[in-house]
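Below is one structure; the comments refer to it alone.
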Amino acid sequence: MKQGPKKVVSVLLSLIVLSAGFLDYWSYSRAFHAEPGIWMDVVGGTANAPNQYRIGVIDSAYFLAQHTHLALRHMLTVVDVIAGLVAVFALFTVLRRSARYREAGLAGQWFGAAGFLVLVQFYLAWLLWYQRPETLPTAAILALALLLLAVPLRGGVAVVGFLVLTVAQGFVRADVAFALHVGILLVCLTPLGRGFAMPRGLQAGTSVVSLLVVLGIQYWLMRRMFPLATYGNTPVFQLLSNLSSPVSWLPFALFMGPFAWTVGRVVRQRERVEAAGAGMLAGALVFLGMWLVVGRMEEVRIFLPFALALTPLTTELAMWWFVPGEVADAPAGSV
1 MKQGPKKVVS VLLSLIVLSA GFLDYWSYSR AFHAEPGIWM DVVGGTANAP
51 NQYRIGVIDS AYFLAQHTHL ALRHMLTVVD VIAGLVAVFA LFTVLRRSAR
101 YREAGLAGQW FGAAGFLVLV QFYLAWLLWY QRPETLPTAA ILALALLLLA
151 VPLRGGVAVV GFLVLTVAQG FVRADVAFAL HVGILLVCLT PLGRGFAMPR
201 GLQAGTSVVS LLVVLGIQYW LMRRMFPLAT YGNTPVFQLL SNLSSPVSWL
251 PFALFMGPFA WTVGRVVRQR ERVEAAGAGM LAGALVFLGM WLVVGRMEEV
301 RIFLPFALAL TPLTTELAMW WFVPGEVADA PAGSV
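See below:
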């Protein structure tokens with residue numbers, strides 16, 4: 001495989017994530033100084049739903065902070081930086097292994113790398129808008145899941161990897177894992193499902209098991225661990241509130257621009273996409289519907305992990321559209 005801009009992009013991605021981590025730390029610090037006990041209700045099991053069901057990152061960071069003698073805000077920053085680095089480098093690996101990137105000329109690869117960097121920086125700029133500790137860890141889990149969808153592995157490594165990621169995501173944000181595997185199953189029902197790294201039947205079976213696992217974790221958290229957690233004064237369904245609040249539309253429109261362009265190229269123009277990208281896009285669409293119904297539309301960081309996970313797909317489509325002379329045709333297995 002041609003190296004192209006790999007080394008330059010690796011340095012720039014590291015700088016982007018470290019810069020975001022620096023801003024992330026100061027945002028955490030402001031939050032802790034304004035409310036010293038912030039997120040301790042989650043650790044103590046007294047937080048409102050759904051925050052009380054998302055214990056993976058906060059409880060883990062609290063445990064590590066206690067044993068490393070660091071403040072919780074320091075450990076949350078460390079977790080975010082590590083997760084951010086895992087996410088962006090896993091996604092760049094997926095892009096570099098894609099047929100369109102590999103078969104592009106040097107100019108096409110530089111264009112793709114530049115587009116990928118712009119998208120990563122664009123999405124990470126929204127990290128502090130309604131900051132939450134689970135955002136970047138979720139992005140890292142989705143990026144690794146995309147890597148498993150795209151890169152063939154020997155034996156049952158991919159199956160085990162999916163199940164491990166599902167368990168982790170179940171304690172971080174179960175709804176993300178649910179949407180992802182529903183999307184993958186939908187793609188498995190189409191001819192494109194033959195393009196996953198695992199055989200279609202095995203991938204479908206793994207996703208079914210993953211759905212059962214994540215639903216079981218959510219049930220255990222809601223009914224067994226924290227049965228007293230309630231939504232308080234916050235309404236569960238937010239769709240009408242979202243539609244009646246024009247103020248929410250501006251951040252939503254700004255943030256969702258690249259995603260809307262990607263969906264438009266795939267659906268309306270019938271672009272050819274590889275199975276891994278199609279699975280992630282299908283999961284993102286499922287999650288988008290869930291977000292608009294039960295989440296606040298202006299809190300775009302909710303969708304940030306899926307948006308970031310789609311950067312390889314968006315970049316590939318941009319390479320085909322803007323520099324078609326530098327990009328070879330899609331492989332025969334694509335649809």
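Numbering (the UniProt record's numbering), first residue to last: 1 to 335.
Ideal Cβ positions, reconstructed from N, Cα and C, are used throughout, including at glycine.
Note that the structure is predicted; figures quoted are calculated from it, not measured.
Using a Cβ-Cβ cut-off of 8 angstroms (strictly less than) and excluding sequence neighbours within five positions of residue i, which residues of its own chain qualify?
i: residue 319; result: 100, 101, 104, 108, 111, 112, 115, 326 and 327
i: residue 8; result: 113
i: residue 236; result: 294
i: residue 18; result: 81
i: residue 234; result: 48
i: residue 89; result: 10 and 13
Give me the Cβ distance between residue i and residue j, rounded to the nearest whole Å; I'm assuming they're in contact under 8 angstroms.
i: residue 29; j: residue 312; result: About 33 angstroms separates the two Cβ atoms, so there is no contact after all.
i: residue 20; j: residue 142; result: Wrong, their Cβ atoms sit about 17 angstroms apart, outside the cutoff.
i: residue 140; j: residue 61; result: No, residue 140 and residue 61 are not in contact; Cβ-Cβ is about 14 angstroms, not under 8 angstroms.
i: residue 390; j: residue 285; result: Because the chain in this structure spans residues 1 to 335, residue 390 falls outside the shown range and cannot be described.
i: residue 290; j: residue 248; result: Rounded, the Cβ-Cβ distance is 16 angstroms, inconsistent with contact.
i: residue 146; j: residue 211; result: With a Cβ gap of about 18 angstroms, residue 146 and residue 211 do not count as contacting.
i: residue 23; j: residue 120; result: About 15 angstroms; that fails the 8 angstroms criterion.
i: residue 166; j: residue 94; result: Incorrect: roughly 19 angstroms between the Cβ atoms, too far for contact.
i: residue 348; j: residue 144; result: In this structure the chain extends from 1 to 335, so residue 348 is not present and cannot be described.
i: residue 209; j: residue 163; result: 7 angstroms
i: residue 169; j: residue 188; result: So it is not a contact: roughly 19 angstroms between Cβ atoms.
i: residue 262; j: residue 190; result: About 18 angstroms; that fails the 8 angstroms criterion.
i: residue 301; j: residue 129; result: 6 angstroms
In this structure, how does DSSP classify residue i when only helix, strand and coil are distinguished?
i: residue 291; result: helix
i: residue 229; result: coil
i: residue 71; result: coil
i: residue 319; result: helix
i: residue 156; result: coil
i: residue 280; result: helix
i: residue 213; result: helix
i: residue 16; result: helix
i: residue 48; result: coil
i: residue 93; result: helix
i: residue 245; result: coil
i: residue 197; result: coil
i: residue 267; result: helix
i: residue 30; result: helix
i: residue 203; result: helix
i: residue 297; result: coil
i: residue 105; result: coil
i: residue 220; result: helix
i: residue 39; result: coil
i: residue 60; result: helix
i: residue 100; result: helix
i: residue 310; result: coil
i: residue 273; result: coil
i: residue 9; result: helix
i: residue 81; result: helix
i: residue 236; result: coil
i: residue 303; result: coil
Keeping to the same chain, check which residues put their C-beta closer than 6 angstroms to that of residue i; ignore five residues upstream and five downstream.
i: residue 316; result: 98 and 100
i: residue 159; result: 206
i: residue 133; result: 57, 58 and 76
i: residue 186; result: 282
i: residue 65; result: 72 and 75
i: residue 131; result: 27
i: residue 15; result: none
i: residue 232; result: 48
i: residue 85; result: 17
Return the chain-ordered list of same chain residues with a C-beta closer than 7 angstroms to the C-beta of residue i, the five sequence neighbours on each side being excluded.
i: residue 123; result: 304, 307 and 308
i: residue 161; result: 148
i: residue 230; result: 48 and 49
Cβ of residue i less than 8 angstroms from any chain D Cβ?
i: residue 245; result: Among the protein chains of the structure shown there is no chain D, as only one such chain exists.
The segment 223-233 in contact with the segment 42-52 per 3-pair CB rule at 8 angstroms: Note that the segment 223-233 touches the segment 42-52; at least 3 beta-carbon pairs, one per stretch, sit closer than 8 angstroms.
Per the contact definition of three or more C-beta pairs closer than 8 angstroms, is the segment 246-257 in contact with the segment 171-178? Between the segment 171-178 and the segment 246-257 there are fewer than three inter-stretch CB-CB distances shorter than 8 angstroms, so the stretches are not counted as touching.
Is it true that the segment 186-199 meets the segment 212-220, where meeting means three or more beta-carbon pairs spaced less than 8 angstroms apart? Judged by pairs of C-beta atoms under 8 angstroms, the segment 186-199 does not touch the segment 212-220, as fewer than three such pairs exist.
Would the segment 264-278 and the segment 234-243 be scored as touching if the rule is three or more Cβ pairs under 8 angstroms? Touching, no.
Would you call the segment 145-153 and the segment 32-50 touching, i.e. three or more CB-CB distances under 8 angstroms? Because the criterion of three Cβ pairs below 8 angstroms is not met, the segment 145-153 and the segment 32-50 do not touch.
Segments assigned alpha helix (DSSP H), at least 4 residues, entirely inside the segment 118-192: Along the length of the segment 118-192, whole alpha helix (DSSP H) runs at least 4 residues long occupy 135-150, 157-172 and 174-188, reported in chain order.
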